[in-house]
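Here is the structure we will look at.
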Amino acid sequence: MKSPDNSRNLLVRLLDFLARPGIRNPGLLIAALALGFLLWQSDDARSPDSDAVALRGETEPDTFINQGVFRSFDAQGRPKLVATSPRTEQFDDRQEAVLEAPDATLYDHEADLRWLVVADEGLYHMTTEVMELEGSVKVTRSVEGGNAVLLTEYLLIDNPAGRATTDHPVTLKSPGNITHARGMTGWFDERVVELENSVEGIYETRP
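Set out below in structure tokens:
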């Protein structure tokens, strides 16, 4: 590919040639065509999109968002999930957002309950409103006598379905008992948790 400097030098030599007497007027059309071709070649050599891809790379995000907030609403227009992140990387083509240290709240308006969710990182699918959480995932809900806490290393929250699932080990803590299992499905609206495998419970007996 010719460099911009070579193209400019070629244009300067062409204009000097056309400036000679007897050639100047007949050559105006040729000069215009040559200039137009060079400009067209320069514009089409690289599009703005290809420039952006070259700068950020194919796997780099399209947008960085500081203190980003993502919201999902129920059929009545009430917030069902509100997630915040100090730093978010957004990929427009995939309609995904990578959240650093996500902090989310899930709402059950009928029962006036809230689940507080934190993790090391998250992946939010903007089209389906599904969130994948990884690393030190912790879900907390207030219950009688204290808090109910779920701990795991991976959790998928299907917000429209009101469901959370994982095939990783989980620990459930609530006042008076601790339960360990591998694999879980939970329904937020029904406040039901189904443990799948290797379930072990430790229960505190009170006098």
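Numbering (my numbering) for the sequence shown: 1456 to 1662.
All C-beta atoms in this analysis are idealised placements derived from N, C-alpha and C, irrespective of residue type, glycine included.
These numbers come from a predicted model, not from an experiment.
The alpha carbon of Arg1533 has as its nearest neighbour, out of Ala1556, Asp1567, Ser1540, Thr1543, the alpha carbon of Asp1567. Taking Phe1528 as the centre and dropping the five residues before and after it, the same chain places the C-beta of Pro1534, Lys1535 closer than 8 Å to its C-beta, in chain order. Excluding sequence positions up to five before and after Arg1596, its CB lies within less than 6 Å of the CB of Trp1570, Ala1603, all in the same chain and listed in chain order. Only exposed fits Tyr1658, as fewer than 16 other CB atoms lie within 10 angstroms of its CB. At least 9 Å separates the beta-carbon of Thr1583 from that of Asp1547. In the three-state scheme derived from DSSP, where H, G and I count as helix and E and B as strand, Pro1624 is classed as strand. Going by C-alpha positions, Glu1645 is about 17 Å away from Thr1560. Classified as exposed, Phe1519 has fewer than 16 neighbouring CB atoms from the shown chains inside 10 Å of its CB. Taken through DSSP and simplified to helix, strand or coil, Thr1560 comes out as strand. By the CB criterion at 9 Å, Asp1575 and Glu1589 fall inside the cutoff. Spanning the alpha carbons of Ile1633 and Glu1551 requires a straight line of approximately 35 Å. Within the same chain, His1635 come within 6 Å of Glu1655 by CB-CB distance, once the 5 residues on both sides are set aside. Residue pairing for Ser1653: DSSP places it in no beta bridge. Looking at the backbone, the Cα of His1564 and that of Val1573 are separated by about 20 Å.
Shortest Cα-Cα distance from Gly1601 to any of Gly1641, Ser1629, Arg1637 involves Ser1629.
With respect to the 9 Å criterion, Leu1605 and Leu1627 are classified as neighbours on the basis of their beta carbons.
Leaving aside the five residues that flank Phe1525 on each side, the residues in its chain whose CB is nearer than 6 Å to its CB run, in chain order, Ala1538, Tyr1579. For Met1586, the enclosing beta strand (DSSP E) covers residues 1585-1598.
Boundaries of the beta strand (DSSP E) harbouring Gln1545: 1534-1546, taken from the DSSP string. In this structure, DSSP gives Gly1523 an extended state, which the three-state scheme calls strand.
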